[in-house]
Amino acid sequence: MEKVNSDVHNNQVARIKNFLAHSNVLLGYYEKAESLYEEALKIREKHSESEEKSFNLAKTLDGLGYLYSLIGDYDKSKDMLEKH
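This is the structure:
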């Protein structure tokens, strides 16, 4: 039961970080968004076993790839897209 609760908690934390990162992208705070996406990505990569978690990992990678394309770092953007 404790493992399940930990997974749920980690998933919620990563979702919130994704949401905040996306909001920061929309507001033009790219450095803060990058930091939040990278934190979410670390959580997602550690805890992505099920299909739903893999989908959430892909969403995080897409967001980070989009951010990198906005700031002109196309190599990093391509890397994010190739990860999933």
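As numbered in our numbering, residues 1331 to 1414 make up the sequence shown, in order.
Even for Gly, the Cβ is constructed at its ideal location relative to N, Cα and C.
Closer than 7 Å by C-beta to residue i: which residues in its own chain qualify, once you throw out the five before and the five after it? Chain order, please.
i, result
"A1370", "A1344, K1347, N1348, A1351, T1390"
"G1395", "S1407, M1410, L1411"
"S1365", "none"
"N1340", "I1373, H1377"
Where does residue i land, buried or exposed, given buried means 16+ other C-beta within 10 angstroms?
i, result
"S1335", "The question names Ser, but residue 1335 is Asn in the sequence shown. Looking at its Cβ environment, which holds fewer than 16 other Cβ atoms inside 10 Å, N1335 is exposed."
"G1393", "buried"
"Y1404", "exposed"
"L1357", "exposed"
"A1363", "buried"
Indicate whether residue i and residue j have their beta-carbon atoms separated by less than 8 Å.
i, j, result
"L1387", "E1375", "yes"
"L1411", "V1355", "no"
"L1397", "Y1360", "yes"
Assuming residue i is part of the alpha helix (DSSP H), what are its boundary residues?
i, result
"D1405", "1404 to 1413"
*Residue ranges of each alpha helix (DSSP H) run of no fewer than 4 residues wholly in the segment 1350 to 1387, ordered along the chain?*
1360 to 1376
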